[in-house]
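In my numbering, the protein residues as written are 1329 to 2012.
The beta-carbon is built from N, C-alpha and C at its ideal position, and this holds for glycine as well.
Predicted model only: the values in this text are computed from it and were never measured.
Structure representation (structure tokens):
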């Protein structure tokens, strides 16, 4: 038996981590236990338990795999169990009871799947491990209504009915996955009960799944190829297999509120938010997926020639080298970072060791000289390469670009070249430095913007040429870190350009990432602040309370443009964050202070034309209102704490919000920033 075959068999059938029936039965037993605890207070839970007891185990395994029933059980248990963290908005208890009754009736009528399977859905494939393709023709009965409510709450959108071509692509992808991994595909797809498609124009992902919607896979409608579908079905089904392992076992030591995010994933952009900094659970989940994707891609590359006639060229599927090196990096980081390894419970550490052993088997068969532990050059340049492709595509889609954008691209080109020259010079790579200079000699002035993708590819080529093994520039890691800084700076700048983030705001966002603070003004609120700043009178005074590292202050500055006839006081209580804000070269009209809120407000009655408040419990609302001049604008920004408040059932945030809404001296509008209103102000 070859390496791929032996690893596939282990991932598909070994207990406790691979065997799907073992995992699903364990998960069902956990859910049944919750139903037993609910029965004294919810008769419908007892009704369902009676129906389950009268059917063989195999007849209700699929029932407990489906999202609607799982969610109803968990949501009801959270509401009826004292001291249980609530999480996002929970289903009403009456809806939970209705789901229990519907499930019981389905079993009593001889059903062996789920009430969602009523003839309106399409099977992903002919075998028992194949789930169902969602179609919105499903009636608005108990299961249909609750399922739609769950998806709307978590994704703020509903899946659509895929057309015939999309259904054909989905079923072809499932067939391909079965053909590539005949043992592993059933073992993973067993965990995916519903596959739903969302319009590509609304999707912010290629594919998605969530622990609180376990059993449902979401894919964008533009599927690309059966190979793409096969990879993403495996990817999300493997995630759900891990979600099912998570329940009832000691995978993690914490309760899911991860403060530390110690692992940077070099192949992902920060998005000016630290999005590529991961906590232990996410690292483990990604490691779990990438070990499986390594196997898939190795088999796909070997069998592509014989399968192309049926499924087309293998486009859209991850390359084995990329999957393998990412898995290797994540496995190393789990152990190298104490805040990761110590966060794993005994079961989680055992899982990590199990996955590593199978990755080692695959690596030994494919690459006798794998990436050295901790190396990052190849991972950073992978992101650099992919972002170059995106820049080239964007430039090709428009024949003309705004002058400001061209100036920024020119500055980026110069920055990348200067960084590459500094890295090669410090490394002593004189041949590569000369090669870089020669290749770029003919590109000057405004042409830099037009040739930016070409410049980036040239930089990438000569940096890789300076690497002795393709994985690092030097054993110390110093020069890899310099490459990482170059890639991060370019990536952040491109993101700011693409999303129209002003330069002062981009700098402030980087400070927030460096200091790992989540107290940040969100972009939709920041743009509102910029409009308000542009609207203030000459001589206006503005106050930013709870300024953090200065993101909201930066939005005010951006809105003012070239104006200097105002004053901004930016106040933060945390000395470290305030010191970080001080590092930026603010305009003279901005004053940064480290102070308590009460002290900042003292002696300033009726002073400020605009007050922004980072809203959190305990703020002196009356004193803040008193500091505003008559007709002044107050903006209480509690978006940054809303998600956290909901997660822990925090009533203090709601009390603060009510104290503002009900204040007798204020005319108030509670704005949902996701609405469809455009607010603008003409610059002075």
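Each residue's CA atom was taken as its position, placing residue 1930 and residue 1841 some 32 Å apart. With fewer than 16 other Cβ atoms from the protein chains shown falling within 10 Å of its own Cβ, residue 1685 counts as exposed.
Taking a 10 Å sphere around the C-beta of residue 1634, we find fewer than 16 other C-beta atoms and assign the residue as exposed. Within the stretch 1586-1657, the runs of alpha helix (DSSP H) at least 4 residues long that lie entirely inside it are, in chain order, 1608-1639.
Within the DSSP bridge table, the entry for residue 1896 names 1870, 1918 as partners. From the listed residues 1361, 1485, 1500, 1429, the smallest Cα separation to residue 1451 is found for 1500. For residue 1475, the uninterrupted alpha helix (DSSP H) segment begins and ends at 1470-1483. Non-local beta-carbon contacts of residue 1387 in its own chain, meaning distances under 6 Å to residues more than five positions away in sequence, involve 1440 in chain order. Excluding five sequence positions before and after residue 1338, the CB atoms of its chain that fall closer than 7 Å to its own CB belong to 1346, 1686, given in chain order. In the structure shown, the three-state DSSP call for residue 1401 is helix.
Runs of the beta strand (DSSP E) lying entirely within the stretch 1663-1734, each at least 3 residues long, are absent. Shown here, residue 1961 sits in a strand according to DSSP, grouped into three states. The Cβ atoms of residue 1680 and residue 1690 do not sit closer than 8 Å to each other. Taking C-beta atoms as the reference points, residue 1925 and residue 1994 fail to come closer than 8 Å. In this structure, residue 1404 lies near residue 1370, with their beta-carbon atoms less than 8 Å apart.
Note that the C-beta distance between residue 1878 and residue 1909 is below 8 Å. According to the DSSP secondary-structure assignment, residue 1451 is paired through a beta bridge with 1460. In the three-state reduction of the DSSP assignment, residue 1392 falls in the helix class, which pools H, G and I. The DSSP assignment places 1512-1517 as complete runs of the alpha helix (DSSP H) inside the stretch 1507-1568, in order along the chain (cut-off: 4 residues). Residue 1621 is positioned such that its CB atom lies no closer than 8 Å to that of residue 1558.
In terms of Cα proximity to residue 1863, the closest of 1716, 1960, 1391 is 1960.
Distance from the CA atom of residue 1784 to the CA atom of residue 1716, rounded to whole angstroms, is 7 Å. Here residue 1457 is near residue 1518, since their CB atoms are less than 8 Å apart. Here residue 1572 carries a helix assignment [DSSP, helix/strand/coil]. By the neighbour-count criterion, in which 16 or more other beta carbons inside 10 Å mark a residue as buried, residue 1343 falls on the exposed side. When secondary structure is reduced to three states using DSSP, residue 1345 falls in the coil class, being assigned neither helix nor strand. For residue 1953, the three-state secondary structure derived from DSSP is helix. Within the model, the alpha-carbon separation for residue 1444 versus residue 1352 is close to 19 Å. Going by DSSP, residue 1771 is part of no beta strand (DSSP E) at all; its letter is neither H nor E. Fewer than three Cβ pairs drawn from the stretch 1421-1435 and the stretch 1478-1490 lie within less than 8 Å of each other, which leaves the two stretches out of contact.
A distance below 7 Å between beta-carbons, with the five flanking residues on each side excluded, links residue 1582 to the following residues of its chain, in chain order: 1671.
Straight-line spacing of the CA atoms in residue 1845 and residue 1706 works out to 29 Å. Judged by pairs of C-beta atoms under 8 Å, the stretch 1933-1950 does not touch the stretch 1904-1919, as fewer than three such pairs exist. Taking all protein chains shown into account, residue 1947 has 16 or more neighbouring C-beta atoms within 10 Å of its C-beta and is therefore buried. In this structure, the alpha-carbon of residue 1996 lies about 8 Å from that of residue 1988. Contact between residue 1618 and residue 1658 holds: CB atoms are separated by about 6 Å, below the 8 Å threshold.
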